[in-house]
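Everything below concerns the one structure shown next.
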Amino acid sequence: MADNNKINYDTELTPEEKEEVQAALNNLNDQDVQDDEDFIKDVYGQADNDMNEVYKSNNENKKSILDKISKVLLYYTIANETLKLSNSEYKSLFSDFSKTIAIMFKSHAKLTHNVMENTLNNVANKIMDKYNIRKTQKDREKLVNQLYHGKHFSERIWENEQKVAKQIQLEIKNLLKGKVSANQIAKRIQLRFNSNEYNAKRLADTEISRIQNELFRQNCHETGAKYVLYRATFCRSCLECLSHHNITYKLENAPILPVHPNCRCYYSVINKE
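Under this note's numbering, the letters of the sequence shown match residues 775 to 1047, in that order.
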């Protein structure tokens, strides 16, 4: 490998194992490492494309709420940059917004679940094809629906959507109560919807990493891979991940991925037994 001088070793490797790894690195084809990088990049790129329907829907919902707010600001009295509503006006408007938000986020949560489930199945199929792993549909569904830190991805979708919905509802309440400037509300609403998109993307990336890691390890066991190289190529903002980058581990001692939510780290095989 051209840059093997940059490779570090897990402290648990014995001197004999380090020699074995070094010999393997000397024979490691740079193209194999590059192919792994290109494959992982393609996996996440395709998943991003699959998830675009979710992001588009989120933007449409954002526009819908902002348009609804604009109409309120045009119709009702504003003094010192804040709305001045009667009690009856407040109750009527808040009730209307609350119903709209509840329906909107329930629908978006359902869409996000359906799209993400399809995305994760596509990812699983793509990775299984690469590693020539054969699984029944039931086995693949079990892999996709496996819990991560005790929760199914659908539960996290619902929790994330409900959290943002409540935040937006509170922003609207504060606007109608005159606690938030009419000039500030658009930016505040945009930030809430942006966080909703980020939540979906982060969750998708986390689940993809979980699936990729499990299938990679299965392939290692089936092919006799003994040492793996940690790659943080696509996770450059995390100091913990960077601390593992280009470190060679025995497979059984390699950190389980994902290291954290939104982690895009992966492994390359160094050698086989």
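Just so you know, even glycine gets a beta-carbon here, dropped at the ideal spot from N, CA and C.
Just to check my reading of the structure: residue i and residue j have Cβ atoms closer than 8 Å, yes? What is that Cβ distance to the nearest angstrom?
i        : j        : result
Pro-1073 : Thr-980  : For the chain, the structure presents residues 775 to 1047; residue 1073 sits outside this window and is missing.
Tyr-1004 : His-995  : Contact doesn't hold; Cβ gap of about 18 Å is too wide.
Leu-745  : Lys-1024 : Only positions 775 to 1047 of the chain appear in this structure, which leaves residue 745 out of reach.
Leu-989  : Met-902  : 6 Å
Asp-804  : Ser-1042 : Contact flag wrong, Cβ pair sits at about 11 Å.
Val-918  : Glu-945  : Incorrect: roughly 35 Å between the Cβ atoms, too far for contact.
Between residue i and residue j, what straight-line distance do the alpha-carbon atoms span, to the nearest angstrom?
i        : j        : result
Asp-816  : Cys-1009 : 15 Å
Gln-964  : Asn-993  : 43 Å
Asn-895  : Ser-860  : 52 Å
Ser-955  : Leu-857  : 8 Å
Thr-785  : Glu-1026 : 14 Å
Asn-1036 : Tyr-849  : 43 Å
His-882  : His-926  : 17 Å
Ile-814  : Asp-824  : 15 Å
Asp-806  : Arg-976  : 28 Å
Leu-949  : Leu-840  : 12 Å
Glu-935  : Ile-1021 : 38 Å
Lys-792  : Asn-1045 : 12 Å
Glu-794  : Asn-826  : 45 Å
Lys-951  : His-1034 : 39 Å
Leaving out the 5 sequence neighbours to the left and right, which residues in its chain are closer than 8 Å to residue i when beta-carbon positions are compared?
i        : result
Ala-1060 : Beyond the ends of the chain as shown, which are 775 and 1047, falls residue 1060; an answer cannot be given.
Gln-943  : Phe-871, Ser-872 and Ile-875
Lys-904  : Phe-813
Which same chain residues, not among the five before or five after residue i, have their C-beta less than 7 Å away from its C-beta?
i       : result
Ser-969 : Val-938
Asn-832 : His-882, Phe-967, Asn-970 and Glu-971
Within its chain, find whatever has a CB closer than 6 Å to the CB of residue i; leave out the 5 residues flanking it on each side and keep chain order.
i       : result
Ile-852 : Ala-956
Tyr-922 : Arg-984
Lys-845 : none
Lys-836 : Phe-967
Pull the bridge partners of residue i from the DSSP assignment, please.
i        : result
Lys-925  : Tyr-922
Leu-1003 : Thr-1022 and Ser-1042
Asn-782  : Ile-1021
Ile-852  : Leu-857
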